[in-house]
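J.:
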Amino acid sequence: MKFNYDKETDALYINFIDEPGVDSFEMAPDYIVDVDATGRVLGLEVLNVKKKFNFDSIIFNSLPVKDVQFVGQPI
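Right, here's the structure in full:
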């Protein structure tokens, strides 16, 4: 799983499976899901992130540090 935050667009992309998607759809305002040909969810894009999340209070529970990979600039 990879997390990529773009400060310029205030968008967070969470990549669950590193494969090319064939389609995407907005499941709710500002939440876009990428899927493969079978409908399997590959990733999730969240727009207007700072309005939705307080990054100062993010806590990772039961998530081994070796499995966490942040890509891009620090938030």
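Mapping to numbering that gives the first Met the number 0: the sequence shown position 15 is 14, numbers consecutive.
Ideal Cβ positions, reconstructed from N, Cα and C, are used throughout, including at glycine.
Everything numeric in this text was worked out from a predicted model, so none of it was measured.
DSSP three-state call for residue 0: helix, strand or coil?
T.: Coil at residue 0, not helix or strand.
J.: What separation, rounded to the nearest whole angstrom, lies between the Cα atoms of residue 41 and residue 2?
T.: Going by the C-alpha atoms only, they are around 13 Å apart.
J.: Using 10 angstroms around the beta-carbon of residue 22, count the other beta-carbons present and answer buried if the total reaches 16, otherwise exposed.
T.: By the 10 Å Cβ count, residue 22 comes out exposed.
J.: Please classify residue 30 as buried or exposed, where buried requires at least 16 other C-beta atoms within 10 Å of its C-beta.
T.: By the neighbour-count rule (16 or more Cβ atoms within 10 Å), residue 30 is not buried but exposed.
J.: Nearest-angstrom Cα distance between residue 18 and residue 7?
T.: C-alpha separation (whole angstroms): 25 Å.
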